[in-house]
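K.L.:
Chains as they are written, first to last, in the working numbering: chain A, 61 to 170; chain B, -17 to 97.
For glycine and all other residues, C-beta sits at the position ideal for the given N, C-alpha and C.
Before I ask anything, here is the structure I am working with.
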Amino acid sequence: LAKTTQPISMDSYEGQEVNITCSHNNIATNDYITWYQQFPSQGPRFIIQGYKTKVTNEVASLFIPADRKSSTLSLPRVSLSDTAVYYCLVDYNQGGKLIFGQGTELSVKP
Amino acid sequence: EPEVTQTPSHQVTQMGQEVILRCVPISNHLYFYWYRQILGQKVEFLVSFYNNEISEKSEIFDDQFSVERPDGSNFTLKIRSTKLEDSAMYFCASSDEGSRNDEQFFGPGTRLTVL
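Right, dumping it as structure tokens:
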């Protein structure tokens, strides 16, 4: 049973706000929601993490509704360099290992 | 900013040969991981390591694989007898704590090509 579901791909244009939504209907009480970014031929990179409501850092915001069954990663004013795969992770049931899904391939066009 | 480093960046080997992939985790981190990513596929967990022993391993991490922290800085992944299907990017990661919510820092990866 898949832990997370997110769109396979998204297209955007420079300067737009991009919102990527992830569904995690079976999230456990103790699970946090974490997003990683991966550029081609590079290792994943932590973007943001949250438990509920809203979290914001210098690169993104994470919106989590009260039921926590989904979350939305928001990237303000994307640029070409934001073209990457974005992974939503919530599976932390067994220690520190990260369980990656297929991710969302974001393509930012000029 | 401290970072995880990996060597070599690309390793080509013949099927059946042994390879050792090397990683230098961030110096004050205590938890270490190996992941792999076959071309065009998702990142897959292989093994986690803490206090000089394996904490957890996936079903991919069979008897052909082993990990070692031979000194205070290096963390290695050995594949004893490589197979064609071992061709992939191998990423090392490290974290401050092994908790479920801890950020993991990934290295740039080693591309392994088995011929």
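Applying the criterion that 16 or more other CB atoms from any shown protein chain within 10 Å of the CB defines a buried residue, is residue -8 of chain B buried or exposed?
P.N.:
It is exposed - the Cβ of residue -8 of chain B has fewer than 16 other Cβ atoms within 10 Å.
K.L.:
If we ignore side chains and look at the alpha-carbon of each, how far apart do residue 98 of chain B and residue 170 of chain A end up?
P.N.:
The requested residue 98 of chain B is not part of the displayed model; chain B covers only -17 to 97.
K.L.:
Can you name the start and end residues of the beta strand (DSSP E) that residue 129 of chain A belongs to?
P.N.:
No beta strand (DSSP E) contains residue 129 of chain A, which DSSP labels as neither H nor E.
K.L.:
7 angstroms is my cut-off, CB to CB: does residue 97 of chain A come that close to chain B?
P.N.:
Chain B, which has no Cβ nearer than 7 angstroms to the Cβ of residue 97 of chain A, makes this no.
K.L.:
Per DSSP, residue 117 of chain A forms a beta bridge with which residues?
P.N.:
Per DSSP, none; premise fails for residue 117 of chain A.
K.L.:
Rounding to the nearest angstrom, what Cα-Cα distance links residue 61 of chain A and residue 84 of chain A in this structure?
P.N.:
Caution applies to residue 61 of chain A, whose pLDDT of 49 falls short of 50 and renders its modelled position unreliable; the value that the coordinates give is listed next. Looking at the two C-alpha atoms, the distance is approximately 11 angstroms.
K.L.:
Tell me where the beta strand (DSSP E) around residue 71 of chain B begins and ends.
P.N.:
It spans 70 to 77 - the beta strand (DSSP E) in which residue 71 of chain B sits, taken as one unbroken run.
K.L.:
Please confirm whether residue -14 of chain B and residue 8 of chain B have their CB atoms less than 7 angstroms apart.
P.N.:
In contact: residue -14 of chain B and residue 8 of chain B (Cβ atoms closer than 7 angstroms).
K.L.:
To the nearest whole angstrom, what separates the beta carbons of residue 15 of chain B and residue 157 of chain A, a pair I think is in contact under 8 angstroms?
P.N.:
Rounded, the Cβ-Cβ distance is 7 angstroms, consistent with contact.
K.L.:
Could you tell me which chain B residues have their CB closer than 7 angstroms to the CB of residue 133 of chain A, listed as they occur along the chain?
P.N.:
The contacting residues do not exist; residue 133 of chain A stays about 16 angstroms from chain B at best.
K.L.:
Helix, strand or coil: how does DSSP classify residue 61 of chain A here?
P.N.:
Model confidence at residue 61 of chain A stands at a pLDDT of 49, short of 50, so the residue's coordinates are unreliable; what they give is reported in the following sentence. Coil, per DSSP.
K.L.:
Taking the beta carbon of residue 99 of chain A as the centre, do at least 16 other beta carbons fall within 10 Å, making it buried, or is it exposed?
P.N.:
So residue 99 of chain A ends up on the exposed side.
K.L.:
Measuring alpha carbon to alpha carbon, tell me which residue in A:103, A:116, A:117 is nearest residue 146 of chain A.
P.N.:
Here the closest residue by C-alpha is A:103.
K.L.:
Which residues in the same chain as residue 113 of chain A place their Cβ atom closer than 7 angstroms to its Cβ, once the five residues preceding and following it in sequence are excluded?
P.N.:
Result list for residue 113 of chain A: 124, in chain order.
K.L.:
Can a CB atom of chain B be found closer than 7 angstroms to the CB of residue 63 of chain A?
P.N.:
Output row for residue 63 of chain A: interface = no.
K.L.:
Taking the beta strand (DSSP E) that residue 168 of chain A falls in, what are its first and last residues?
P.N.:
164 to 169 is the span of the beta strand (DSSP E), which, as asked, contains residue 168 of chain A.
K.L.:
Within its chain, find whatever has a CB closer than 6 angstroms to the CB of residue 171 of chain A; leave out the 5 residues flanking it on each side and keep chain order.
P.N.:
One cannot answer for residue 171 of chain A here, as it falls past the ends of chain A, which runs 61 to 170.
K.L.:
Return the Cβ separation of residue 3 of chain B and residue 59 of chain B in integer angstroms, given the expectation that the two are a contact with Cβ distance under 8 angstroms.
P.N.:
Their Cβ separation, rounded to whole angstroms, is 5 angstroms, which keeps residue 3 of chain B and residue 59 of chain B in contact under 8 angstroms.
K.L.:
Short of 8 angstroms Cβ to Cβ, which residues in the region 82 to 95 of chain B face chain A?
P.N.:
Hits within the stretch, in order: 82, 83, 84, 85, 86, 87, 88, 89, 90, 91, 93.
K.L.:
Which residue wins for smallest C-alpha separation from residue 27 of chain B, given the options B:33, B:18, B:-2?
P.N.:
Per the Cα distances, B:18.
K.L.:
Shorter than 7 angstroms from the beta carbon of residue 110 of chain A to some beta carbon of chain B?
P.N.:
No, because no Cβ of chain B sits closer than 7 angstroms to the Cβ of residue 110 of chain A.
K.L.:
I'd like to confirm something about residue 102 of chain A: is its beta-carbon nearer than 6 angstroms to some heavy atom of the ligand ADP, or not?
P.N.:
Among the components of this structure there are no ligands whatsoever, and the ligand ADP is therefore not found.
K.L.:
Would residue 31 of chain B pass as an interface residue toward chain A - the criterion being a Cβ-Cβ separation below 7 angstroms?
P.N.:
Chain A contact via Cβ: absent.
K.L.:
Check the Cβ of residue 87 of chain A against every Cβ in chain B and list those closer than 9 angstroms, keeping chain order.
P.N.:
Within 9 angstroms Cβ-Cβ: nothing; residue 87 of chain A doesn't reach chain B, min ~12 angstroms.
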